[in-house]
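Single-structure report; data block below.
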Amino acid sequence: MWTGWWLWPLVAICTADQFRDNAVRLMQSTPVIDGHNDLPWQLLNKFNNQLQDPRANLTSLNGTHTNIPKLKAGFVGAQFWSAYTPCDTQNKDSVKRTLEQIDVIQRMCQLYPETFLCVTDSAGIRQAFQEGKVASLVGVEGGHSIDSSLGVLRALYHLGMRYLTLTHSCNTPWADNWLVDTGEDEAQSQGLSSFGQSVVKEMNRLGVIIDLAHVSVATMEAALQLSKAPVVFSHSSAYSVCQHHRNVPDHVLQLVKQTGSLVMVNFYNDYVSCKAEANLSQVADHLDYIKKVAGAGAVGFGGDYDGVSRLPSGLEDVSKYPDLVAELLRRQWTEAEVRGALAENLLRVFEAVEQVSDHKQAPGEEPIPLGQLEASCRTKYGYSAAPILHLQPGALLASLVTLLLSLYLL
Ligand SMILES: [Zn+2]
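With mature numbering (1 follows the signal peptide of the UniProt record, and there is no 0) applied, the sequence shown corresponds to residues -16 to -1, 1 to 394, in that order.
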């Protein structure tokens, strides 16, 4: 059979194209739902959120990972746009900044109605798929955006927030971030404080997806244990593949499996390969690994486009998703598994979150103890009338010591 050998390279090329063709065919009916994109942050940085600036035209925008032609080429069918404000706004203007980022997402939908459809539920995502538009949802990145207030949490829900990342890369007064696991930050809440537990319960009640990207392992464990609905990691990868503390360790992947939760893989080189360089195949390694440990139902995509400075070769911008899907097909993922990773897994989680929500149940009302808040720039209205039970244990102890001292002095 000497005649056949020269055909092999040709067969290999044809097969490679076949995987790409199959990826495109799949994505025409099941486009990708991506968990995290920081285009709104770019719009703030580059144009101070002035979308009518000709340079901010999303059809021709360059120098970003995301624009309208790239979204179309990438078969992006739904995007959780990140309403992100950095940690240095904590205890300052974090709420105002968050509101402005939600506003710019909503104005994207108004300015480009042919492309974006702002939606707030799973049915809306399916509707956008039908219309060939990019379902646009708001993910608020960082618990500091609620400024330790259940009232702000509820108001953000009413403005369209459908996930909240419990922390960014800083502790809030009620939840610890991943830098606690590197030793750079000190544990404050040992996962979730009592108020942090109230936040998670209120998110369940409202129907806001709990996002555990950026949090410490103790916070992951506490939230996975407490939440009545499955959770997501909107942009995190697998710790066993790259030992970075932003990634999800194996024992947490087991909890993800048990709770029907979802890890949407981050493409940032530093989390993919633990080096400055990475490639598409290494991203597929994370997807493969999470599938192996937590099951195909636990896998999704959370590229972190426009939020990172380094991306793998082959995944340079949002137009490249079909190439990654082709790689999964090449690795013998079934069509059902691929459709799960693209969209069905997120829709399943979102529907479960919607099922758990109960707007008839009484809202959480207990405020965070005043002593747990940084005092500068903060008024104390309401707290003076609060019952003594709301005082911090430290404050109680101090009062007791003062009392005993005064008795002794007498
Ligand atoms: Zn992030």
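No residue lacks a Cβ here, since even glycine has one placed at the ideal position from N, Cα and C.
Please report the distance separating the alpha-carbon of Trp158 from that of Thr50.
To locate residue 158, count along the sequence shown from 1; it is residue 174. To locate residue 50, count along the sequence shown from 1; it is residue 66. Approximately 34 Å, taken between the alpha carbons.
Run through DSSP, which three-state label would Leu373 get?
Along the sequence shown, read from residue 1 onward, the residue named residue 373 stands at position 389. Since pLDDT at Leu373 reaches only 49, below the 50 mark, its modelled position is unreliable, and no value is offered.
Per-residue burial, Leu380 [other beta carbons within 10 Å of its own, 16 or more giving buried]
On the sequence shown, residue 380 is found 396 positions in, with the first residue counted as 1. At Leu380, the pLDDT of 49 sits below 50, so the modelled position is not reliable; the number obtained from the coordinates is stated separately. So Leu380 ends up on the exposed side.
What do you get for Pro38, buried or exposed, if any count of 16 or more other CB atoms within 10 angstroms of its CB means buried?
Start at 1 with the first residue of the sequence shown, and residue 38 comes out as number 54. Its Cβ having fewer than 16 others within 10 Å, Pro38 is exposed.
Within the continuous beta strand (DSSP E) that includes Ser120, where are the two ends?
Here residue 120 refers to the residue found at position 136 of the sequence shown. It spans 118 to 125 - the beta strand (DSSP E) in which Ser120 sits, taken as one unbroken run.
Euclidean distance between Cα positions of Asp77 and Val340:
Counted from its first residue, the sequence shown places residue 77 at position 93. Counted from its first residue, the sequence shown places residue 340 at position 356. Between Asp77 and Val340, the C-alpha separation is close to 32 Å.
From the DSSP output, in three-state form, read off Leu380 for me.
Taking the first residue of the sequence shown as position 1, residue 380 is located at position 396. Any answer about Leu380 is weak, because its pLDDT of 49 lies below 50 and its placement is not dependable; what the coordinates show is given next. Leu380: helix per DSSP, three-state reduction.
How would the residue list near ligand 1 read, in chain order, if you kept each one whose beta-carbon is closer than 6 Å to any heavy atom?
Glu125, Ala197, His198, His219, Gly291
Report, in whole angstroms, the separation of the C-beta atoms of Tyr147 and Ser44, which I expect to be a contact under 8 Å.
Walking along the sequence shown from the start, residue 147 turns up at place 163. Walking along the sequence shown from the start, residue 44 turns up at place 60. Incorrect: roughly 30 Å between the Cβ atoms, too far for contact.
Report yes if the C-beta distance between Ala222 and Tyr289 is below 9 Å; otherwise report no.
Taking the first residue of the sequence shown as position 1, residue 222 is located at position 238. Taking the first residue of the sequence shown as position 1, residue 289 is located at position 305. No. Outside cutoff.
Does DSSP put Ser152 in a helix, a strand or coil?
Reading the sequence shown from its first residue, position 168 is the one you call residue 152. A quick correction: the sequence has His, not Ser, at residue 152. In the structure shown, His152 sits in a strand (DSSP, three-state: E or B).
Mind checking Tyr365: buried by the 16 CB within 10 Å criterion, or exposed?
Position 381 of the sequence shown, counted from the start, is the residue given in the question as residue 365. Counting C-beta atoms within 10 angstroms of its own C-beta, Tyr365 has fewer than 16 neighbours from the protein chains shown and is therefore classed as exposed.
Roughly how many angstroms lie between the CA atoms of Ala57 and Met11, to the nearest whole one?
Indexing the sequence shown from 1 puts residue 57 at position 73. Indexing the sequence shown from 1 puts residue 11 at position 27. Distance between the alpha carbons of Ala57 and Met11 is about 11 Å.
In whole angstroms, what separates the C-alpha of Leu373 from that of Gly191?
As a first step, residue 373 is located in the sequence shown; it is residue number 389 there, counting from the start. As a first step, residue 191 is located in the sequence shown; it is residue number 207 there, counting from the start. Only weak support is given to the placement of Leu373: the predicted model assigns it a pLDDT of 49, under 50, and the value that follows is read from those uncertain coordinates. Going by the C-alpha atoms only, they are around 30 Å apart.
Exposed or buried, which one is Val8 when buried takes at least 16 other CB atoms within 10 Å?
Here residue 8 refers to the residue found at position 24 when the sequence shown is read from its first residue. When all chains shown are included, Val8 counts as exposed.
Apart from the five residues on each side of it in sequence, which residues of its chain come closer than 8 Å, Cβ to Cβ, to Pro347?
As a first step, residue 347 is located in the sequence shown; it is residue number 363 there, counting from the start. Once the five neighbours on either side are set aside, the close Cβ partners of Pro347 are Leu134, Arg138, Glu186, Arg189.
For Asn263, list the residues DSSP reports as bridge partners.
Residue 263 sits at position 279 when you count from the first residue of the sequence shown. Paired residue(s): Ser297.
Excluding the 5 residues flanking Asn6 on each side, which residues of the same chain have their C-beta closer than 6 Å to its C-beta?
As a first step, residue 6 is located in the sequence shown; it is residue number 22 there, counting from the start. If we look at Asn6 and ignore the five residues flanking it on each side, its Cβ neighbours are Leu313.
Decide yes or no for the touch test of the region 114 to 125 against the region 63 to 76: beta carbon pairs closer than 8 Å, at least 3 of them.
yes
State buried or exposed for Arg362, treating a residue as buried only when at least 16 other CB atoms are found within 10 Å of its CB.
Counted from its first residue, the sequence shown places residue 362 at position 378. Exposed: under 16 other Cβ atoms inside 10 Å.
Contact check, Val302 vs Val60 under 8 Å by CB: the rounded distance?
The residue you call residue 302 lines up with position 318 of the sequence shown. The residue you call residue 60 lines up with position 76 of the sequence shown. Confirmed, Cβ separation roughly 6 Å.
Contact check, Val225 vs Ile193 under 8 Å by CB: the rounded distance?
On the sequence shown, position 241 is the one that residue 225 refers to. On the sequence shown, position 209 is the one that residue 193 refers to. Their Cβ separation, rounded to whole angstroms, is 24 Å, which puts Val225 and Ile193 out of contact at 8 Å.
Apply the 10 Å Cβ neighbour rule to Gly284 and answer buried if 16 or more other Cβ atoms are within range, or exposed otherwise.
As a first step, residue 284 must be located in the sequence shown, where it is residue number 300. It is buried - the Cβ of Gly284 has at least 16 other Cβ atoms within 10 Å.
Answer yes or no: the CB of Thr43 versus the heavy atoms of ligand 3, is any distance below 8 Å?
Ligands displayed in this structure: ligand 1; ligand 3 is not among them.
Close Cβ partners of Gly291 (< 6 Å) along its chain, the five nearest in sequence each way excluded:
In the sequence shown, residue 291 corresponds to position 307, counting from 1. Closer than 6 Å at Cβ, skipping near neighbours: Asp22.
Relative to the C-alpha of Ile52, which candidate in Arg81, Cys93, Thr82, His20 has its C-alpha closest?
Start at 1 with the first residue of the sequence shown, and residue 52 comes out as number 68. Of the candidates Arg81, Cys93, Thr82, His20, the one whose C-alpha sits nearest the C-alpha of Ile52 is Cys93.
Per DSSP, what are the beta-bridge partners of Ile193 in this structure?
Counting from one through the sequence shown, the residue named residue 193 turns up at place 209. DSSP output for Ile193 lists Tyr147 as bridge partner(s).
Run the CB neighbour count on Asn32, radius 10 Å, all protein chains shown included, and call it buried at 16 or more, exposed below.
For the purposes of this step, residue 32 is taken as residue 48 along the sequence shown, with counting starting at 1. Asn32 is exposed by the Cβ-count criterion.
Helix, strand or coil: which one does DSSP assign to Leu312?
As a working note, residue 312 is residue 328 in the sequence shown. Leu312: helix per DSSP, three-state reduction.
For His228, which option in Arg91, Val164, Ala206 has the closest C-alpha, if you only look at C-alpha atoms?
Position 244 of the sequence shown, counted from the first residue, corresponds to residue 228. With distances taken between Cα atoms, His228 lies closest to Val164.
C-alpha gap between Val337 and Ala107, whole angstroms
By 1-based counting over the sequence shown, the position of residue 337 is 353. By 1-based counting over the sequence shown, the position of residue 107 is 123. Taking the straight line joining both Cα atoms gives about 13 Å.
DSSP state of Phe3, grouped into three classes?
For the purposes of this step, residue 3 is identified with residue 19 of the sequence shown, where counting begins at 1. Reduced to three states, the DSSP call for Phe3 is helix.
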